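Visitor: Take this structure, written in structure tokens, and hold onto it; I'll ask about it next.
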């Protein structure tokens with residue numbers, strides 16, 4: 001499970017969910033994002049749940065973390 005800021009969820013989803021599907025196909029993990037407006041308690045972060053084999057979940061977590069870090073850098077500059 002990963003916490004992703006609400007304003008960066010779109011970067012993980014991609015157009016029409018394309019990026020999310022690519023990540024699932026690449027890693028073999030299943031990735032689910034909490035519904036719009038459903039945040040982790042006390043935050044504006046959405047819950048991203050990753051299921052699958054340990055290797056698949058680790059790979060998916062890495063890809064998502066990298067994407068979030070990249071987007072934060074782009075938006076900060």
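Numbering (full-length UniProt numbering), first residue to last: 1 to 77. Ideal placement from N, C-alpha and C gives every residue a C-beta, glycine not left out. From a predicted model like this one, the values you see are computed outputs, not experimental measurements.
Which partner residues of residue 64 appear in the DSSP bridge assignment?
Guide: The count along the chain shown starts at 1 and reaches residue 64 at position 64. Note: residue 64 sits in no beta bridge, so no partner.
Visitor: Could you compute how far the alpha carbon of residue 49 sits from the alpha carbon of residue 71?
Guide: Taking the chain shown and counting its residues from 1, one reaches residue 49 at position 49. Taking the chain shown and counting its residues from 1, one reaches residue 71 at position 71. Spanning the two alpha carbons is a distance of roughly 20 Å.
Visitor: Using a Cβ distance threshold of 8 Å, determine whether the segment 51–58 contacts the segment 3–20, with at least three qualifying pairs required.
Guide: Not touching, per the Cβ criterion.
Visitor: Going by DSSP in three states, residue 49 sits in which element: helix, strand or coil?
Guide: As a position in the chain shown, residue 49 is number 49, starting the count at 1. It is a strand residue.
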